[in-house]
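Note sheet for the following structure.
Numbering (my numbering), first residue to last: 62 to 215.
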């Protein structure tokens, strides 16, 4: 091979080597970009979870300290009754609008005794309210649930 033909061959080899190196570097950058995209998706999901927790922590949250009696209290109330007494607290960081406790009670035979809601009004953050309610029933209560509820906005 003469020198005149070696120069174009060397130039072609140099161009091919440059193209191959650029292609390898481009694939490396694409892989790194894919790893970064995956990490961004992970961090976005983590951030969304934290934002959700923050929103939940800023909502009103009702906590109850209630006692329930289903036995005759005394001679004044010798018949079956259901008594609930205690305190409801708003331990959240916002006002609990339309705060209430829902009481669902069933007789021992499984039939519905009553379903009622006791309105507690609006509770500011860290405010508490006393609860006292006596419900006369025609038979003994066997099962009940008491659930606090409130609205986030007026």
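Heads up, the beta-carbon is just placed ideally off N, CA and C, and yes, glycines get one too.
### Message
Please tell me whether residue 192 and residue 127 are closer than 8 angstroms, where the distance is taken between their beta carbons.
### Response
Taking the first residue of the chain shown as 1, we reach residue 192 at position 131. Taking the first residue of the chain shown as 1, we reach residue 127 at position 66. Yes.
### Query
Thinking C-alpha only, which one of 159, 155, 132, 130 is nearest residue 119?
Position 58 of the chain shown holds residue 119. The residue with the shortest Cα to Cα distance from residue 119 is 155.
### Task
Identify every residue that forms a DSSP beta bridge with residue 163.
Numbered from its first residue, the chain shown carries residue 163 at position 102. DSSP output for residue 163 lists 178, 208 as bridge partner(s).
#### Entry: Local conformation of residue 154 per DSSP, three classes
Locating residue 154 in the chain shown gives position 93, counting from the first residue. In the structure shown, residue 154 sits in coil (DSSP, three-state: anything other than H, G, I, E or B).
#### Entry: Straight-line Cα distance separating residue 151 from residue 180
Indexing the chain shown from 1 puts residue 180 at position 119. Indexing the chain shown from 1 puts residue 151 at position 90. Between residue 180 and residue 151, the C-alpha separation is close to 14 angstroms.
### Message
Just to confirm the assignment, what range does the beta strand (DSSP E) spanning residue 125 have?
### Response
What you label residue 125 is simply residue 64 of the chain shown in a count that begins at 1. Start and end: 123-130.
### Query
Is the CB-CB distance between residue 144 and residue 195 below 8 angstroms?
By one-based count along the chain shown, residue 144 stands at place 83. By one-based count along the chain shown, residue 195 stands at place 134. Yes, the Cβ-Cβ distance between residue 144 and residue 195 is below 8 angstroms.
### Query
Counting Cβ pairs closer than 8 angstroms, one from the segment 103-118 and one from the segment 170-177, do we hit at least three?
Segments in contact, no.
### Query
Near residue 214, which residues of its chain fall below 7 angstroms by C-beta distance, leaving aside the five closest residues on each side in sequence?
Working through the chain shown from its first residue, we reach residue 214 at position 153. If we look at residue 214 and ignore the five residues flanking it on each side, its Cβ neighbours are 158.
### Query
For residue 100, does the count of other Cβ atoms within 10 angstroms reach 16, so buried, or fall short, so exposed?
In the chain shown, the residue the question calls residue 100 occupies position 39. So residue 100 counts as exposed.
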